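Protein chains in written order, with our numbering: chain A, 22 to 376; chain B, 1182 to 1373.
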Amino acid sequence: MLTRQEMELIQQEIDGANTPDGSAALRSLLEQNPEARRVAAELRRVAGLFARVGERQSPPHLKQSILEALPQPAGASPSAFVRWVAQKLDVVTHLLEETVMNKKAVLIGSAAAAIVIVAAGLITGFPPLGSGAGTIGGVERASRYHGRAMTEADVSLKNPEIQALFQNDQILHLVQSDAFHQLMANDAFRGLMASDIFHQLMASDAFRAIQASDAFHQLQANAAYQQLQANAAYQQLQAKDAFRGMQSSAVMHQLQQNAAYQQLQANDAFRGIMASDAFRAVQANDLFRGIMAQDAFRQVMANDLYRNIMANAAFSQIVASNAFYQLQSADVFRSLSQSQALSQDFMREAMRSQP
Amino acid sequence: MKETPLATDGQDGQDNQDRALVKRCLENEPDAAPALVDRYQQRLFNVALRMLGNVQDAEDVTQTVFLNAFRKLRTFDPRFKFFSWIYRMAVNESLNQLKRRKQTVTLGDDSDLMASGGAAGGADHIAEAEDHVGKALQSLKPDDRAVVVLKHFMSFSYQEIAEVLGVPVQTVKSRLFTARERLRAALDGGVQ
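Have a look at this one:
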């Protein structure tokens, strides 16, 4: 058994830290002690293996990423400030258009935000086209739902597509659920539905076009995406301040440090959605990129009402439900979300279906 | 890769260059920050990579370290060594990252350390060594791993490691010994 001092001599020799006297003492020890020779040989083998491992080149974009993330120097000149802002904007464009694979959560978050907005529009009714009024059909219906009992007079249209939807037990269960009730009663939800920014986004041609695209539809129907929506870490992330401010790389940095973001990156569903063809197709879709570049879209995501909804348990429950998955997968979904009349029919039928 | 930040023109010269760069950064000279990043980003990235075993995480940690360093630059005391200061940030941030994961980093076949793209020379035996070393490193406790990384990949002296980690030299030796014992066991069977 080697003493501590003997082990230290061996280790220091390997590390080049022995004094001449120490090296001499070690040589003597090695001559006399087989165990010392064995230990020294093994430690040299370990050190030798490390010596064969080279330094990794850092990613080529790392330096630029670091510099872009640095705070603006205090006292910088206005022109320097303008350059700094331009750099930030360039980062955003860069992130949204190209190298997002390193910062995937933002894009998937954006995609999810778009989908969730669509979902919200579906549940409460699509904003009326050409209407500048603050109240939309869905919110009005929601108010009625809580304000008085429905009468037969309200059920004036029995669209076969809507009726077909309600033949599905899960969808029926969804609209009869407490979560659905709670969401309809949620002030933030109703406020967002009535907001101008939400109207602008939902009424935009680009938003409608992406909704109607096959890639977007496939993404919504993707099982991995459904799992992601049900992921608690993802839901937490959406409610974070950092999430709303993806316009700056500093906030990106904050996002990356977020515990929920870390969990999300380790989540199989999240990885699955990243690797899915549907997601990639949506990501590469010009229309989708156009939506994310819209001021209205960013305003919606930065809106407190929207964030409150993202953090709302009832809403999360609905979005994560199988019924909602089926609803999104239904062919009639696209028609619903693009037609005020159909969405109102949906709401009427939902109310009529209450137990 | 055995060159250390202190090896090119001696520790004092290196420290002086660091101090000069820090001073220029604080005076908002436009070229100072890029120069400081150039000087340390490669090595900090490697520290984080060996600590974490994942390129993306290492990249994030490196960026975080620089961001924090520049934010706190005015608090840096020039009587001390800049390299100790910033390496300590890198190690601590890596340890924080490991805590955030709340799970042991395991290196499967898709480990970033398995890829040979960045290994010097790119030869098969080097990639194989990197694979073994990467796996063995991840088997260590994070504190022990930090000592091994600074010793073997950064070629720091015991004293320098002690300064970076803020522990006594004897603790460095003790951790290094413990880590090497464990590495021996971890490497047995897969490494010639």
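From the three backbone atoms N, C-alpha and C, an ideal C-beta is built for every residue, glycine too. Given the structure is predicted, the values throughout are model-derived calculations rather than measurements.
Buried or exposed by the 16-neighbour rule on C-beta atoms within 10 Å, applied to residue i
i: B/Asn1235; result: buried
i: A/Ser79; result: buried
i: B/Ala1201; result: exposed
i: B/Thr1256; result: exposed
i: A/Gly159; result: Only weak support exists for where A/Gly159 lies, its pLDDT of 31 falling under 50; the value from the coordinates is given anyway. Classification of A/Gly159: buried, given that the 10 Å Cβ count is 16 or more.
i: B/Phe1261; result: exposed
i: B/Asp1199; result: buried
i: A/Gly75; result: buried
i: A/Arg25; result: exposed
Backbone secondary structure at residue i - three-state DSSP
i: B/Ser1320; result: coil
i: B/Asn1273; result: helix
i: A/Asn39; result: coil
i: B/Pro1215; result: helix
i: A/Met28; result: helix
i: B/Asn1227; result: helix
i: B/Pro1349; result: coil
i: A/His82; result: coil
i: B/Glu1210; result: coil
i: B/Asn1235; result: coil
i: A/Val67; result: helix
i: A/Ser44; result: helix
i: B/Val1328; result: helix
i: A/Asn54; result: coil
i: B/Leu1357; result: helix
i: B/Phe1261; result: coil
i: A/Arg77; result: coil
Check whether residue i and residue j have beta carbons under 8 Å apart
i: A/Leu83; j: B/Phe1263; result: no
i: B/Ala1367; j: B/Val1353; result: no
i: B/Val1345; j: B/Val1272; result: yes
i: A/Glu27; j: A/Leu64; result: no
i: A/Leu91; j: B/Leu1248; result: yes
i: B/Ser1338; j: A/Ala38; result: yes
i: A/Glu56; j: A/Leu88; result: no
i: A/Ala61; j: A/Ile31; result: yes
i: B/Val1328; j: B/Arg1231; result: no
i: A/Gln47; j: B/Ala1310; result: Note on identity: in this sequence residue 47 of chain A is Leu, with Gln being the wrong assignment. Their beta carbons are not under 8 Å apart, which means A/Leu47 does not touch B/Ala1310 by this criterion.
i: B/Gln1195; j: B/Asp1238; result: no
Neighbouring residues, chain A, relative to residue i (Cβ below 8 Å)
i: B/Tyr1339; result: Asp36, Ala38
i: B/Gln1222; result: Ser79, Leu83, Lys84, Ile87
i: B/Ala1310; result: Leu70, Arg73, Val74
i: B/Thr1243; result: Ser79, Leu83, Ile87
i: B/Lys1332; result: Asp36
i: B/Glu1240; result: Ser79, Pro80, Leu83, Ser86, Asn123
Interface partners of residue i on chain B, CB under 8 Å
i: A/Leu64; result: Arg1361, Arg1365
i: A/Val67; result: Arg1361, Leu1364, Arg1365, Leu1368
Listed by chain order, chain A residues near residue i by CB distance under 7 Å
i: B/Ala1215; result: In the sequence on display, residue 1215 of chain B carries Pro and not Ala. Leu88, listed in chain order.
i: B/Lys1253; result: Ordered by position in chain A, no residue passes the 7 Å Cβ test against B/Lys1253, which lies about 11 Å from the chain.
i: B/Val1314; result: Leu70, Phe71, Val74
i: B/Asn1227; result: Glu76, Arg77
Contacts that residue i makes with chain A (C-beta to C-beta distance below 9 Å)
i: B/Asp1325; result: Result: empty, since nearest Cβ-Cβ is about 13 Å, beyond 9 Å.
i: B/Asp1219; result: Lys84
Closer than 7 Å: residue i CB and nearest the ligand MN heavy atom
i: B/Pro1259; result: As for the ligand MN, it is missing from this structure, which has no ligand bound.
Under 9 Å by beta carbon: chain B residues contacting residue i
i: A/Glu29; result: Lys1354, Phe1358
i: A/Gln32; result: Lys1354, Leu1357, Phe1358, Arg1361
i: A/Leu91; result: Ala1214, Val1218, Phe1247, Leu1248, Phe1251, Arg1252
Interface residues of chain B facing residue i [CB-CB closer than 7 Å]
i: A/Leu47; result: Those do not exist, as A/Leu47 stays about 15 Å from chain B at its closest Cβ, beyond 7 Å.
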